[in-house]
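A.B. asks: In UniProt numbering, the protein residues as written are 1 to 149.
My questions all concern the structure below.
Okay, structure coming up:
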């Protein structure tokens with residue numbers, strides 16, 4: 001199981017997701033470009049010292065990322081798809097999170113093997129990307145018995 005971030009825009013969110021990955025023994029893929037300069041300083045506040053523990057793979061672009069995918073791409077999206085509580089996860093899934101401002105382009109949305117949405121209260125648009133990653137990862141790890149010992 002891995003988390004992939006498509007062209008993330010906010011270093012603090014990336015840092016929080018790196019911390020999530022480190023704590024739950026889940027690798028993180030970063031699909032560039034990012035909207036910030038990749039540096040320890042940019043990631044330090046939310047990632048703390050956890051960023052050095054997680055398996056981070058940076059990819060120059062979508063094509064580079066797609067060439068190395070081993071499992072299914074499970075896109076977390078607000079644009080429909082299967083409800084999180086009805087989705088079935090596999091141990092080699094890659095949970096793909098879109099960029100904070102624009103999500104993913106239609107071509108990436110169409111490429112995803114599964115599109116999953118987290119049900120929200122009426123009138124609510126979306127969750128913070130790091131919060132959504134944590135919720136989805138928790139369900140995926142629960143289903144696949146992937147929680148760390």
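C-beta: ideal position from N, C-alpha, C; glycine also.
Could you name the residues of the same chain whose beta carbon sits closer than 8 Å to that of residue 125, not counting the 5 residues immediately before and after it, in chain order?
C.D. replies: Here the set comprises 78.
A.B. asks: Name, in chain order, the residues that DSSP records as bridge partners for residue 29.
C.D. replies: Answer is 4, 57.
A.B. asks: Using three-state DSSP, classify residue 83 as helix, strand or coil.
C.D. replies: Three-state result, residue 83: strand.
A.B. asks: Please determine, among 73, 144, 86, 27, the residue with the shortest C-alpha to C-alpha distance to residue 119.
C.D. replies: Residue 119 has its Cα closest to that of 86, out of 73, 144, 86, 27.
A.B. asks: According to DSSP, is residue 104 helix, strand or coil?
C.D. replies: Residue 104 falls in the coil class under three-state DSSP.
A.B. asks: On the three-state DSSP scale, how would you describe residue 135?
C.D. replies: If DSSP states are grouped into helix, strand and coil, residue 135 belongs with the helices.
A.B. asks: Could you check what DSSP says for residue 96 in three-state terms: helix, strand or coil?
C.D. replies: Here residue 96 sits in strand by DSSP.
A.B. asks: With a threshold of 6 Å on Cβ separation, who are the neighbours of residue 141 within its own chain once the five nearest residues in sequence on each side are excluded?
C.D. replies: So the qualifying residues of the chain are 147.
A.B. asks: Which term fits residue 13, buried or exposed, when burial requires 16 or more other beta carbons within 10 angstroms of its beta carbon?
C.D. replies: When all chains shown are included, residue 13 counts as buried.
A.B. asks: What's the C-alpha gap between residue 4 and residue 137?
C.D. replies: Residue 4 and residue 137: Cα-Cα distance of roughly 11 Å.
A.B. asks: Nearest to residue 52 by alpha carbon, out of 9, 61, 18, 62?
C.D. replies: Cα-wise, what sits closest to residue 52 is 18.
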